[in-house]
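Trainee: Quick one: structure below, then a few questions.
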Amino acid sequence: MKLIDDANQQALARILEGEPRLIDIVPARELMPGLKDRMILHAGPPITWDKMCGPMRGAVAGAIVFERWAPDLKAAAELAASGGIEFHPNHHFGAVGPMTGMTTVSMPLFVVENARFGNRAYCAINEGLGKVMRFGGNDESVLKRLAWLRDVFGPTLGKAIRACGGIELKSIIARGLAMGDEMHQRNLACSSIFLREIAPTLARTATDNAILADCLAFIGQNDQFFLNIAMAMGKAMTDPAKGIRGSTIVTAMCRNGTDFGIRVSGLGDQWFTAPVEMPEGLYFAGYSEKDANPDMGDSAIVETIGLGGFAMAAAPAVAGFIGAGAPSAAGDFTRAMGEITIAQNPEWTIAALDFAGVPTGIDVRLVVDTGMAPVINTGIAHREPGIGQVGAGIVKAPLACFQQAVRAIAGDLGVS
Amino acid sequence: MPDQEKQPYQSLLTGKVKVVNVGLEGFVKDLRDCDIDVVHLDWAPSAGGDPQMAALLAKLGV
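Set out below in structure tokens:
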């Protein structure tokens, strides 16, 4: 159908032509005029407290205490349950967040600007491994780290980013793909490249050597540091592709631990949701699938632009880490995703596939036609609040979201 | 049926059998266990066999 094909080419061009650049770190309240006290932004499509899973509730309670809207976790949960907190998806505020995806007024956010289209997208700073709020952690150590990110790390790194005029991101991704990253479960190369680029300016702009050392160590000790930057980049690249009538290209995929949601270009901000699936993967010592929570996070925005599970061929080590089979079979995932996308990204290539570009532009028609669901690399959270990450794996997007979208596009175009 | 019309089919069974397996991959192992050459074609009907969805997809250009 020519109308759809033309619209899809336009949506694809808008994704590929993006010029994402990390330009700052700014508290959320300064970036989002609509974000007020007692409002919490979360990962995934819209959800209410009564439907939230354990780690999401744990993170919400922690975020409430962090913002001092309640004195302790028990009071925080009661406040949320009584309707005292307003919940909205990050996506409704131009943002994304990994796993539980908590965003509140005082949290410092990465700001990525898409210079080609003039739009911006935001994501909180990656907290590191262990007990962290994105996996539902909410104890004193979690809140203390968040306070340090807000009061020390965010302002210090933000100053350096501004001082160096921002950091161009697409070339970091290109190098990361050549160094074994897929930018979802492996960000070791990109985190290292980022540190190499920012360190000189950070050293020049930091006002205290001890703070400088702490900041360098925080980045250097977190292999997943770059994930949140990649996520904000993904959001900045896909937002300009929204609202092209007739386009069947996916512009967002995300999950809130209860539901999986997608958005499709031709239907703007409408969500198509279905119950989220359980990840399949490997578990840390002492944990098993009976501890696992259904999948969470806005991080599938990286798969939406051809990275993560779509770029598995670039990161064979990840296939083993997440229990997705032999490293030698990593290319099968990328080739399979080529069946449900309309193009390859010529700027982001994979050496192991003779420099084929990552599969880009998920077409809901192709997903439904082939029955091949997008593959997402993911972390696995414990089902109980406050415990954190227990493993890593892959999860498939539920086909029902894509079937709904196909029917809605058909309805919008008067096709029955 | 005249003998000359049977012959092409008979030759399929008298010679070495070669198989192209379309769809369900489970048959491949059984055939290979019998020392039969098999090429597997990974195929599934459009929209998982849902005729209404397949028809809709066809109208949308798939």
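Line order of the protein sequences matches chains G and V.
Count the first sequence with our numbering and you get residues 363 to 778, in order.
Count the second sequence with our numbering and you get residues 21 to 82, in order.
Even glycine gets a Cβ: it sits at the ideal position worked out from N, Cα and C.
This one's a predicted model, so the numbers in the text were calculated from it and none came from an experiment.
Give me the residue from G:P395, G:V504 and G:I535 with the minimum Cα distance to P382 (chain G).
Mentor: G:I535
Trainee: List, in chain order, every chain V residue whose beta-carbon is nearer than 8 Å to that of G733 (chain G).
Mentor: A64, A67 and G68
Trainee: Among residues of its own chain, excluding the 5 on either side of V40 (chain V), which ones have a beta-carbon nearer than 7 Å to its beta-carbon?
Mentor: V59 and L61
Trainee: Would you kindly report the start and end of the unbroken beta strand (DSSP E) that includes L574 (chain G)?
Mentor: For L574 (chain G), no beta strand (DSSP E) encloses it; the enclosing alpha helix (DSSP H) starts and ends at N571 to G582.
Trainee: Looking at the unbroken alpha helix (DSSP H) that takes in K49 (chain V), where does it start and where does it end?
Mentor: G46 to D53
Trainee: Below 8 Å, can you find three or more Cβ-Cβ pairs linking the segment 647-658 of chain G to the segment 748-755 of chain G?
Mentor: yes
Trainee: Is it true that the CB of V473 (chain G) sits closer than 9 Å to the CB of I555 (chain G)?
Mentor: no
Trainee: Q765 (chain G) versus chain V: which residues are under 7 Å apart at the beta carbon?
Mentor: M73
Trainee: Give a yes or no on whether 9 Å exceeds the smallest Cβ distance from R769 (chain G) to chain V.
Mentor: yes
Trainee: Pick from G:T696, G:T410 and G:Q706: whose alpha carbon is nearest that of A714 (chain G)?
Mentor: G:T696
Trainee: Work out the CA separation of D57 (chain V) and L32 (chain V) for me, nearest whole Å.
Mentor: 14 Å
Trainee: Compute the distance between the beta-carbons of Q751 (chain G) and G445 (chain G), then report whether it is under 9 Å.
Mentor: no
Trainee: Could you tell me the distance, in whole angstroms, from the CA atom of L397 (chain G) to the CA atom of G648 (chain G)?
Mentor: 40 Å
Trainee: Check the DSSP bridge columns for P451 (chain G) and list the partner residues they point to.
Mentor: As computed with DSSP, P451 (chain G) is found in a beta bridge with G:H404.
Trainee: Tell me the residue span of the beta strand (DSSP E) that contains E475 (chain G).
Mentor: P470 to N476
Trainee: I want to verify the contact list: residues of chain V whose CB lies under 7 Å from the CB of M363 (chain G), in sequence order.
Mentor: L80 and G81
Trainee: Can you list, in chain order, the residues of its chain with a C-beta nearer than 6 Å to that of A692 (chain G)? Leave out the 5 residues immediately preceding and following it.
Mentor: Only M674, A675, P678 and A681 meet the Cβ criterion.
Trainee: Output, in sequence order along the chain, the residues in the segment 697-729 of chain G whose CB is closer than 9 Å to any CB in chain V.
Mentor: D725, R727 and L728
Trainee: Using only CA atoms, which one of G:C577, G:M464, G:Q583 and G:V514 lies nearest to G499 (chain G)?
Mentor: Residue G:M464 holds the alpha-carbon nearest to the alpha-carbon of G499 (chain G) among G:C577, G:M464, G:Q583 and G:V514.
Trainee: Can a CB atom of chain V be found closer than 9 Å to the CB of W626 (chain G)?
Mentor: Looking at the sequence itself, residue 626 (chain G) is Val, so the reference to Trp does not match. No, because no Cβ of chain V sits closer than 9 Å to the Cβ of V626 (chain G).
Trainee: What does L77 (chain V) touch in chain G if you count any residue whose Cβ is under 8 Å from its own?
Mentor: R727, V730, D731 and V768
Trainee: Three Cβ pairs or more, each shorter than 8 Å: is that satisfied between the segment 443-460 of chain G and the segment 516-531 of chain G?
Mentor: no
Trainee: State the Cα-Cα distance for the pair E665 (chain G) and C763 (chain G), rounded to the nearest angstrom.
Mentor: 16 Å
Trainee: Say whether the segment 500-519 of chain G touches the segment 599-612 of chain G, bearing in mind that this needs 3 or more beta-carbon pairs closer than 8 Å, one atom from each stretch.
Mentor: no
Trainee: Between the alpha carbons of E448 (chain G) and V427 (chain G), how many angstroms are there, rounded?
Mentor: 15 Å
Trainee: With a threshold of 9 Å between beta carbons, is V777 (chain G) in contact with chain V?
Mentor: yes
Trainee: Consider the C-beta atom of E651 (chain G) and the heavy atoms of the ligand ATP; say whether any pair is separated by less than 8 Å.
Mentor: This structure does not include the ligand ATP; it has no bound ligands of any sort.
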